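Residue numbers (this note's numbering): 574 to 1229.
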């Protein structure tokens, strides 16, 4: 496989770690502590949740390493799913794998503009173009991000060995820089007071920890991307498991370190950490990012320059790793004849040129859409990651069961159960909270499902060998995803609009009461606020119940359609088998009659010939007896043939 494909071995264990770690830790690690981690669970709650999530990722790493040893292919999870469940499931897996990897690429690429905006005073805000979803697009940022994308793309195609060396250097700088930043910020004795309280105050401690654990697929996604580089590793495949575990450990250290660093930031105008965190949406500049603020407070402008250099390393390592992984994935799909063979073209150095160019070309559109629009896509990477991990775990469970490996089978089953659990909490509102995903993210998920059905149709229609379309579950799953996501999108939009209207109505009547001189105490305001919250809870529950009933009806309809389709497919298959059987019988009968006609003609001609010879007037008695004997034998042979034909007719009519 490896020799004929042209993929050349060039990766060292350290390079593989750099790809894995660089993909798992990117721009988000520097931002999420202040926006998603600390407000939800506090510093200690985030640590415990992240540690739990890391243990779950280790389970997935075991599952990946098991399949990598059996299928050392550049397709990764796509190949595992295809070999074990078929091409239909492989397509579905690859569809979400592509979305997950390119979303990480886009998130890191567009983060460059955010870094410059907040650290270097909008230095790239040159040439205002337009605004999308409240985010201003500037020509300077677009050009800078496109140049970064072009550089990464070119090196991944024509300088992969140099790129691997630079990946190692940047990954080491990233990890070392995170450690230095953490030491620089939390070593100050005054920072200890801001690390307390250890948890947030809104929910119970187990609920806070679980909230962070659910984010683990988003936080660690990418560590497994090295499964797409297994063919290019210059060392035994069995070492990948240890490398991925080290990558998860270093990623955990990075997230936890940056989380504690961000927790130590308490500007003087705020009474405490949570007052500061709750005010972040209204803040601008450095203070809108807790980590940026504390680094500036501890290290001044030099500290910010150092931080920006570390973040840039994270951006480059993330972009390089996802470009390598997505390029190999598309190459493998082309090699399997799922997509056009042009994507399987390699350079002399063994890089999938056209596949990487395709990823770069699609990504070149992203800077023109702005950061807000891209964040909607990035939000659903959690869903894509969970689906990928679920497929891999299910594949491990089935393969281990076939091989009689019970312990590995338990790993696969455990990974599958955990994936389903995480998927429900991440995707379904009200199981955990109303804010599972943004309304726009649900819409993006529905659109991605529609695009998946369209691409599946194109691939199915153009396949030369009948491999796709064997399992109806795939397109039914995509159809359900469209219905579910669109329903959740409508529910979120309705909820947000209702909340906005209630707030406006409350403000209007409050102003009217003030204008009319009605006295209102602080207790009245608190009671009104509590009343509105209770009404919003009722509305939210009603929306959830209605959405749940709608989804159940849709699922029931889909199940009935699926069952009907399966019956129709089986009947068509039976008809096709009966048709083939009838055609085979007809051909056999034709061959039988053709052979019989020849066999009958031979004894009949012999009888006629001997009868003519017997009519000779000069024939002797001995000669006559000889002719009669031959006529008798030929007649008996002819009778036997006629009996065979009669038996054939009786068999055909069912009488024998």
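By construction, the Cβ of each residue, glycine as well, lies at the ideal position given by its N, Cα and C atoms. All figures in this text were calculated on a predicted structure; none of them were measured in a lab.
With a CB to CB cut of under 6 angstroms and the five nearest residues on each side skipped, what residues in its chain are close to residue i?
i            : result
residue 606  : 831, 832 and 835
residue 1058 : 1015, 1018 and 1019
residue 1062 : 1012, 1015 and 1016
residue 1120 : 1060 and 1064
residue 838  : 863, 866 and 867
residue 620  : 829
Alpha carbon to alpha carbon, what distance is there between residue j and residue i?
i            : j            : result
residue 664  : residue 904  : 14 angstroms
residue 1024 : residue 691  : 36 angstroms
residue 789  : residue 630  : 8 angstroms
residue 987  : residue 969  : 10 angstroms
residue 1126 : residue 1160 : 50 angstroms
residue 654  : residue 954  : 19 angstroms
residue 794  : residue 684  : 18 angstroms
residue 964  : residue 902  : 16 angstroms
residue 1139 : residue 1114 : 37 angstroms
residue 668  : residue 1021 : 9 angstroms
residue 717  : residue 1103 : 48 angstroms
residue 918  : residue 911  : 14 angstroms
residue 1157 : residue 1163 : 10 angstroms
residue 1096 : residue 1076 : 18 angstroms
residue 1149 : residue 1039 : 16 angstroms
residue 1189 : residue 1154 : 53 angstroms
residue 1214 : residue 1198 : 24 angstroms
residue 933  : residue 889  : 14 angstroms
residue 632  : residue 1146 : 41 angstroms
Does residue i come out as helix, strand or coil in the three-state DSSP assignment?
i            : result
residue 806  : strand
residue 580  : coil
residue 600  : coil
residue 1041 : coil
residue 978  : coil
residue 591  : helix
residue 1102 : helix
residue 911  : coil
residue 697  : coil
residue 924  : coil
residue 645  : coil
residue 1123 : helix
residue 1032 : helix
residue 839  : coil
residue 1084 : helix
residue 948  : helix
residue 770  : coil
residue 795  : coil
residue 988  : helix
residue 617  : helix
residue 953  : coil
Name the DSSP bridge partner or partners of residue i?
i           : result
residue 709 : 704
Given residue i, which residues of its chain have a CB within under 8 angstroms of its CB, disregarding the five upstream and five downstream residues?
i            : result
residue 886  : 743, 744, 746, 747 and 750
residue 979  : 973
residue 1071 : 1109 and 1112
residue 755  : 830, 831, 833 and 834
residue 916  : 903, 904, 906, 907, 925, 927, 928 and 931
residue 913  : 907
For the candidate residues the options, whose alpha-carbon lies nearest to that of residue i?
i            : options                   : result
residue 849  : 928, 720, 1178 and 612    : 612
residue 898  : 648, 694 and 1158         : 648
residue 804  : 719, 580, 955 and 604     : 580
residue 891  : 1174, 673, 1209 and 690   : 673
residue 608  : 864, 1151 and 731         : 864
residue 635  : 589, 1109, 802 and 981    : 981
residue 946  : 631, 709, 614 and 1127    : 709
residue 590  : 712, 1176 and 813         : 813
residue 525  : 1140, 1219, 1220 and 1182 : This structure cannot speak to residue 525, because the chain is shown only from 574 to 1229.
residue 960  : 985, 940 and 989          : 989
residue 624  : 585, 777, 792 and 588     : 792
residue 797  : 777, 821 and 1073         : 821
residue 600  : 616, 688 and 658          : 688
residue 1053 : 1010, 1188, 1123 and 1146 : 1123
residue 1001 : 787, 658, 639 and 774     : 787
residue 583  : 1213, 922, 1026 and 1137  : 922
Leaving aside the five residues before and after residue i along the sequence, list all residues of the same chain whose C-beta is less than 7 angstroms from its C-beta, in chain order.
i            : result
residue 598  : 747, 824, 827 and 887
residue 1079 : 1101 and 1105
residue 1049 : 1131 and 1135
residue 741  : 587, 588 and 591
residue 656  : 644
residue 1055 : 1019, 1022 and 1023
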